[in-house]
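Single-structure report; data block below.
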């Protein structure tokens, strides 16, 4: 473990590039057959297939892993369904990138709890994973074009927030 300052431990991070994380997220949706022909990904079904469960609590958004195939996503009681959907995808990013990843694809210790406390590389990687899982690039582009760039309609199609859809469009080089 590398120590950054007294008591602070480096968060685990993946050695995968953002492009590789994007591909990995989309491959996971395909492999678990949780994506429909329109690009909508059922994260609740994915969570269930992986052995995960959801707990609504007054704690921060987090992931608690007991063993591979036995984990809980903690969702605060005060958040919206759209936020909850992104949180599930984000925590699955931690599960795949920082917990299940082989040592050769991970820097840092393999923790059993991930809590969103600020910004760091691991949090950004989990966000990249979530964005690509929920809004696969080809499907996003097709829906964006079909809806004439109406970002609110695109967000509704993918069941994400308008800001999340806007960031995705900008990342893909689409006019917003």
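Numbering (UniProt numbering), first residue to last: 1 to 176. Where a beta carbon is used, it is the ideal one built from N, C-alpha and C, also for glycine.
Which first and last residues belong to the beta strand (DSSP E) in which residue i is found?
i: residue 177; result: In the structure displayed, the chain extends from 1 to 176; residue 177 sits before or after that span and is not available.
i: residue 52; result: 52-57
What does DSSP give as the partner residues of residue i in its beta bridges?
i: residue 68; result: The partner list for residue 68 (beta bridge, DSSP) is empty, contrary to what the question assumes.
Would you decide whether residue i is buried or exposed? Buried here means 16 or more other CB atoms lie within 10 Å of its CB.
i: residue 146; result: exposed
i: residue 163; result: exposed
i: residue 33; result: exposed
i: residue 172; result: exposed
i: residue 22; result: buried
i: residue 69; result: exposed
i: residue 7; result: For residue 7, the predicted model reports a pLDDT of 36, less than 50, meaning its position is unreliable; a value from the coordinates is still stated below. Label assigned to residue 7: exposed.
i: residue 80; result: exposed
i: residue 125; result: buried
i: residue 61; result: buried
Report, in whole angstroms, the separation of the C-beta atoms of residue i and residue j, which I expect to be a contact under 8 Å.
i: residue 26; j: residue 136; result: 5 Å
i: residue 144; j: residue 169; result: 6 Å
i: residue 96; j: residue 77; result: That belief does not hold up - the Cβ atoms of residue 96 and residue 77 are roughly 26 Å apart, past 8 Å.
i: residue 85; j: residue 153; result: With 8 Å as the limit, residue 85 and residue 153 do not qualify as a contact, their Cβ atoms being about 17 Å apart.
i: residue 65; j: residue 99; result: 5 Å
i: residue 134; j: residue 89; result: 5 Å
i: residue 141; j: residue 92; result: In fact, because the Cβ distance is near 23 Å, the residues do not count as touching under 8 Å.
i: residue 12; j: residue 155; result: 31 Å between Cβ atoms; not a contact.
i: residue 187; j: residue 19; result: Here the chain has residues from 1 to 176 only, and residue 187 is not among them.
Starting from residue i, follow the alpha helix (DSSP H) in both directions and report where the run begins and ends.
i: residue 45; result: 43-49
Does the beta carbon of residue i come closer than 8 Å to any beta carbon on chain B?
i: residue 70; result: Looking for chain B here will not work: only one protein chain is present.
4 or more residues per run - each alpha helix (DSSP H) lying fully within the UniProt domain "IrrE N-terminal-like" (72-169): 81-94, 121-134, 137-146, 151-158
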